[in-house]
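Below you'll find the structure, written out as structure tokens, and then a few comments.
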Amino acid sequence: MTTADKILFIMRHNGWTKDVCADEIGVHVTQLNRWLRGVIPSEKNMNTIDSLYIQLVFKPKRPKYIPRKREKIVIEYPYYSHQRQLWEK
Numbered sequence: 023m024t025t026a027d028k029i030l031f032i033m034r035h036n037g038w039t040k041d042v043c044a045d046e047i048g049v050h051v052t053q054l055n056r057w058l059r060g061v062i063p064s065e066k067n068m069n070t071i072d073s074l075y076i077q078l079v080f081k082p083k084r085p086k087y088i089p090r091k092r093e094k095i096v097i098e099y100p101y102y103s104h105q106r107q108l109w110e111k
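Numbering of the sequence shown is given in this note's numbering, commencing with residue 23 and proceeding in unit increments.
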């Protein structure tokens with residue numbers, strides 16, 4: 023995976039713009055644009071990009087909700103058109 027691919031993955035996964043991503047890495051936006059075009063970053067910046075990428079890739083994913091045994095699960099959302107809302111009663 024190239025540096026540009028890693029940067030794009032980081033930006034898409036976090037919902038960052040180029041400005042925010044450049045601030046997180048600690049560089050100017052023009053430098054970030056150079057990296058996206060294929061210029062190789064310095065060792066320090068490459069380590070920063072790699073650490074951000076590794077944090078996202080190997081981030082442990084927690085389930086949103088684990089029901090207890092024999093517990094009733096009530097799904098509030100998504101709303102289906104045949105269901106009544108609280109204000110419709």
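The C-beta atom is built at its ideal place from N, Cα and C for all residues, glycine as well.
What you are looking at is a predicted structure, and each value in this text was computed from that prediction instead of being measured.
In the three-state reduction of the DSSP assignment, Lys-81 falls in the coil class, being assigned neither a helical nor a strand state. The DSSP-derived three-state label of Met-23 is coil. Rounded to the nearest angstrom, the gap between the Cα atoms of Thr-39 and Thr-70 is 17 Å. In chain order, Phe-31, Ile-32, His-35, Asn-36 place their CB closer than 8 Å to the CB of Leu-78, counting only its own chain and leaving out the 5 sequence neighbours on each side. In the structure shown, Ile-32 adopts helical secondary structure according to DSSP, grouped into three states.
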